[in-house]
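Trainee:
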Amino acid sequence: MATMVSSACGLLAMLNEAHPLLKLHALSNLNNLVDNFWPEISASVPVIESLYEDEGFDQHQRQLAALLVSKVFYYLGELNDSLSYALGAGSLFDVSEDSDYVHTLLAKAIDEYASLKSKAAESCTEAANVDPRLEAAKGIIEYPRLKSKAAESSTEAANVDPRLVAIVERMLNKCIMDGKYHQAMGIAIECRRLDILEEAIIKSDNVQGTLSYCINVSHSFVNLREYRREVLRLLVNVYQKLPSPDYLSICQCLMFLDEPESVASILEKLLRSENKDDALLAFQIAFDLIENEHQAFLLSVRKRLSPPKPQPSESPQPESSEAAPNENSAQEDVQMTDGGPASNVSVLEDPNEVMYSERLTKIKGILSGETSIQLTLQFLYSHNKSDLLILKTIKQSVEMRNSVCHSATIYANAIMHAGTTVDTFLRENLDWLSRATNWAKFSATAGLGVIHRGHLQQGRSLMAPYLPQGGAGGGSPYSEGGALYALGLIHANHGEGIKQFLRDSLRSTNVEVIQHGACLGLGLAALGTADEGIYDDFKGVLYTDSAVAGEAAGISVGLLMVGTASEKASEMLVYAHETQHEKIIRGLALGIALTVYGREEEADTLIEQMTRDQDPILRYGGMYALALAYSGTANNKAIRQLLHFAVSDVSDDVRRTAVLALGFVLYSEPEQTPRIVSLLSESYNPHVRYGAALAVGISCAGTGLSEAISLLEPLTLDVVDFVRQGALIAMAMVMVQISEASDSRVGAFRRQLEKIILDKHEDTISKMGAILASGILDAGGRNVTIRLLSKTKHDKVTAVVGLAVFSQFWYWYPLIYFISLAFSPTALIGLNSDLKVPKFEFLSHAKPSLFEYPKPTTVPTAASAVKLPTAVLSTSAKATKARAKKEADQKANAEKLTGAEASSASATTGKGKPSSEKDGDSMQVDGPTEKKSEPEPSFEILTNPARVVPSQEKFIKFLEESRYVPIKLAPSGFVLLRDLRPTEPEVLSLTDTPSSTASPAGGSATGQQGSASTMAVDEEPQPPQPFEYTPNQ
């Protein structure tokens, strides 16, 4: 029977005894009682410490003393002291013990170890990233200090307490032994133990699953870019050792590591495979890479794909790829052995080369972006549901003399029809459009580039009437400059075919307006290619010191060099200090920021230099540099810096931009943004409130996040006009592709926009915001959303850059069109091995009303038309009370008959159009019957290609008995399909009819077809849109 102990005094007294056995007995018992009697024992801590430090004492007894002191310090809340004594306890500190004490100290040990390792790594990178030339230009002598700091911390890391290392290793091994692989991988990544990370992955039950988990962790939680590259390189090596590697994931990692040779060798290996599924996988990889929009990388992969061999010989073999020659030769060996005797090899190889040649042509088409752009163009054209009545309402309510709102309407039209090729509104309102003069004319012409975005084949012929006619004068320089800008928007990020024409146009003019358009167009077409020749062209324009042309040249240098961290940034910075033009300084400030896109800690020196500058415009550029260098990383250091400038800088422009920049840093974690900027959104400074609104708009774009909408709602009613403008635009960005059924505030917001636009007393600035918001809400024919992350969680370079330049519209309205670069089609497009779109069905496991297109704006007018006759009926009913009673009896008898008629009418939909007014009444009567039938379709069958909005993706299911099976289970985007019944004839969904847009008269053809469909909407406004669409009538 256990004795009850009421005090530890007796045991503590034994610690002062001379005999070592008594001390050991006391320590053992105190160790068991410490949980209850630690307040008493704490008074004797010096005595126990002296026992631990007594070298004459037995090793086991010293460890026991250390463990006891550690537990006391733990209860006293002194975790650092507790950990140092726990390390002294050696093996007596049992990592497998399930107690709060052990759990807390293990966490402390791991944090301590991880911080020591990361400090050493960070200081090394910090010293490595200091550019002595920049330091010299800056006049700061911090380079030696950083070098010595790095040396100190690296020695500190080398001297990590081996006992601490032992505890961490014991913990990691325990996790692996217990099968807690995710926990082990998390700790290993945090502690920079890549050896243990590899061990945990290989020993796990589901290697593919743990690898994908590791990729997510490295993108989400690893802050340092260089360390992230190390982790991904390790993952690639593990992937490649697997018997059946996941090439989709490998290529995504290799893209981040910027290794086009390895990607090209994998694609070539798959294309040369005799298995048709391998070719489909190669096409799927290419589509996934295209989604990340890294033009320079994709061009590099294209160039490295070896051409088909003209005759069977081994001489071209080394050309195929330097990265993995063994893989290719092994593949050929397999083909030769499969071929049988050597004499048959030449006969069999020819068809193989023909097959490879066909596949190569297809994959080059995908990597160039032409295939995906053409399919997107066809989808947006055929599914266009934009509502022209909204634009007509805006046009009628805007005063002719108000050029700001006139231009805003043109911007809204371009955004609303982005990529659809439907320019009906412009064609129907040519007189109204002709009122645009000077820069408004520039913008109106450039808007055609947004409408026809992706029309690569016919882009130049579409814009031909507006382009500069070599030598022959007469054209307006504003429309010519706008046309060159439009060509850039059409060919954005895919400018191989148009770059030379734009360069020639830039060289052959001295008119600054045309130079402005040509610079912007060329920057868009050559996005991220870092072409030296084009850089020299821009530099020539910059050094003319023309404010208008220089601003565009500064931005375009950034577009050209995006993400290269080029040394050209220091040249640009020097010129920014020399020039007197604010417009040029602002263009260069943004250009410099674009060059460090995604470079994270590598950009810290340049960021520090810009943010310390005396010129507020360069500090403003420093905010963008911070935003773009750390875009999508949610990096704490970057957030802290931006918040510091948001509340401390003397310039309103810098403060506004610092808050806005938070949106770019946090778009990978949109739910965090409203919480972080909530206090800033209530600031006394309207510039800060505006920045908070746009930060939420950028990071939460297309999410429909409830917290974001709640934060923006009060800002749309702000007392300052430009804050209302920013809030309206941000709200539209958040609500894009969100239906009223999923959030009722969407409908309220649409009505609020209409009210602002129709209100003649509303400020011009906020009215402009409402007009732009109307365009963004229905962008791309209601078939696009704003997406800054690809489905593989990589940044979409073009989209991020597009929004960064779009946010400059505060200073220069034509830059509004850059928002079209962030548009991503909300579609699932399934493709067969010929890259055609076969007809197949899949399931959306949710009510159709949740994700349907918005109702047309004609519904409210139909409701008001129905109300008028009811008012007449109510007055005529007062004639006599007797007749009213008789009618009531008759109606009671006749109601059964009308109910039967209504049900038969609903069975034959589409035949009740002539009596549309009566239908309006009958629909109100039949409300209850409709509600009964509505819960029945809890799912919807969609046909390829289909509109699938982001919030719908989780409900998408592929049918089991379907003829086609996707290579990769993706709920949207381009999905390659495996045909399970290849012998049966295929039915194609998207035929070549919409690609009549590719004919020389494409613009007018699409315009006429678009106008026919939209006119049908305008002629019969009463019925709701889903029921009205009957193409056979």
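full-length UniProt numbering puts the first residue of the sequence shown at 1, with every later residue one more than the last. Ideal placement from N, C-alpha and C gives every residue a C-beta, glycine not left out.
(1) Under the rule that 16 or more other beta-carbon atoms within 10 Å means buried, what is GLU480, buried or exposed?
(2) Evaluate LEU430 with the Cβ neighbour count: other Cβ atoms within 10 Å of its Cβ, from every protein chain shown; 16 or more gives buried, anything less gives exposed.
(3) Which of the three DSSP states, helix, strand or coil, is assigned to PRO308?
(4) When we look at the beta-carbon of GLY488 and count the other beta-carbons within 10 Å, is it buried (16 or more) or exposed?
(5) Quick check on CYS253: buried or exposed, where buried means 16 or more other Cβ atoms within 10 Å of its Cβ?
(6) According to the neighbour-count rule (16 or more other Cβ atoms, all chains shown, within 10 Å of its Cβ), is TYR543 buried or exposed?
(7) According to DSSP, simplified to helix, strand and coil, what is ARG507?
(8) What does a CB cutoff of less than 6 Å around ALA822 pick up in its chain, not counting 5 residues either side in sequence?
(9) Among ALA109, PHE57 and SER683, which one has its Cα closest to the Cα of SER82?
(10) What is the C-beta distance between VAL557 and ALA549, in whole angstroms, given that I count them as a contact (C-beta under 8 Å)?
(11) For ARG586, report the span of its alpha helix (DSSP H) as first-last.
(12) According to DSSP, which residues form a beta bridge with ALA264?
(13) With a threshold of 6 Å on Cβ separation, who are the neighbours of ASP387 within its own chain once the five nearest residues in sequence on each side are excluded?
(14) Shorter than 7 Å, the distance from the beta carbon of LEU789 to the closest heavy atom of the ligand ADP, or not?
(15) Does GLU964 come out as helix, strand or coil in the three-state DSSP assignment?
(16) The alpha helix (DSSP H) with ILE229 in it runs from where to where?
(17) Expressed to the nearest angstrom, what Euclidean distance is found between the alpha-carbon atoms of GLU953 and SER972?
(18) Could you tell me the alpha carbon to alpha carbon distance between LEU280 and LEU977, rounded to whole angstroms?
(19) Within the same chain, show all residues whose beta-carbon is closer than 6 Å to that of ASP278, passing over the 5 residues directly before and after it, in chain order.
(20) Using CA atoms only, rank isn't needed, just tell me which of VAL665, SER651 and ALA646 is closest to VAL659.
(21) Return the first residue and the last residue of the beta strand (DSSP E) that ARG978 is part of.
(22) Count the other C-beta atoms from every protein chain shown that fall within 10 angstroms of the C-beta of GLN614, then say buried if there are 16 or more, exposed otherwise.
(23) Do GLU551 and GLY587 have their C-beta atoms within less than 8 Å of each other?
(24) Mind checking PHE221: buried by the 16 CB within 10 Å criterion, or exposed?
(25) Whose C-beta lies closer than 8 Å to the C-beta of ILE592 among residues of the same chain, with five residues either side of it excluded?
(26) Would you kindly report the start and end of the unbroken alpha helix (DSSP H) that includes PRO714?
(27) Would you report the Cα separation of LEU522 and MET463, rounded to the nearest angstrom?
(28) Going by DSSP, what residue range makes up the beta strand (DSSP E) through ILE956?
(29) Looking at chain B, is there any beta carbon in it that lies within less than 8 Å of the beta carbon of ALA549?
(30) Can you name the start and end residues of the alpha helix (DSSP H) that ILE738 belongs to?
(31) Below 8 Å on the Cβ atoms is my guess for SER372 versus PHE974; work out the distance and round it to an integer in Å.
(32) Going by Cα to Cα distance, which pick from LEU850, GLU40, SER820 and ARG228 is closest to LEU788?
(33) Could you tell me which uninterrupted alpha helix (DSSP H) segments, each at least 4 residues in length, are contained entirely in the stretch 49 to 130, listed from first to last along the chain?
(34) So what does DSSP say about LEU969, is it helix, strand or coil?
(35) Relative to the C-alpha of PRO672, which residue among ASN832, ALA440 and THR633 is closest?
(36) Whose CA, out of SER678, LEU590, ARG453 and ILE941, lies closest to the CA of PHE809?
Mentor: Based on what the coordinates show:
(1) buried
(2) That one is exposed.
(3) coil
(4) Within a 10 Å sphere around the beta-carbon of GLY488 sit 16 or more other beta-carbons, which makes this residue buried.
(5) buried
(6) Burial call: exposed.
(7) helix
(8) Here the set comprises ILE786, ALA799, GLY802 and LEU803.
(9) Minimum Cα-Cα distance from SER82 among the listed residues ALA109, PHE57 and SER683 corresponds to ALA109.
(10) Not confirmed; about 13 Å, so no contact.
(11) 582 to 595
(12) DSSP, once it has assigned bridges, lists no residue as partnering ALA264.
(13) PRO856 and THR857.
(14) The ligand ADP is absent from the structure shown, which contains no ligand whatsoever.
(15) For clarity, residue 964 is Tyr in the given sequence; the question names Glu instead. DSSP places TYR964 in strand when its eight states are reduced to three.
(16) Checking the displayed sequence, the identity of residue 229 turns out to be Arg instead of Ile. It spans 225 to 241 - the alpha helix (DSSP H) in which ARG229 sits, taken as one unbroken run.
(17) 7 Å
(18) Counting only the Cα atoms, LEU977 lies some 8 Å from LEU280.
(19) LEU270
(20) ALA646
(21) 973 to 979
(22) GLN614 is exposed by the Cβ-count criterion.
(23) Yes.
(24) By the 10 Å Cβ count, PHE221 comes out exposed.
(25) The residues are GLY558, ALA569, MET572, LEU573, ALA576, LEU606, MET610, GLY621 and ALA625.
(26) Counting along the chain, the unbroken alpha helix (DSSP H) around PRO714 starts and ends at 706 to 715.
(27) 15 Å
(28) 956 to 958
(29) The structure shown has no chain B; it contains just one protein chain.
(30) Where ILE738 is concerned, there is no enclosing alpha helix (DSSP H), given that its DSSP letter is neither H nor E.
(31) 6 Å
(32) That would be SER820, whose Cα lies nearest to the Cα of LEU788.
(33) Qualifying alpha helix (DSSP H) stretches, in chain order: 59 to 76, 79 to 88 and 100 to 129.
(34) Looking at LEU969 - three-state DSSP - the assignment turns out to be coil, as it is neither helix nor strand.
(35) What sits at residue 672 in the sequence shown is Gln, not Pro. Closest option to GLN672, Cα to Cα, is THR633.
(36) The residue from SER678, LEU590, ARG453 and ILE941 with its alpha-carbon nearest to that of PHE809 is LEU590.
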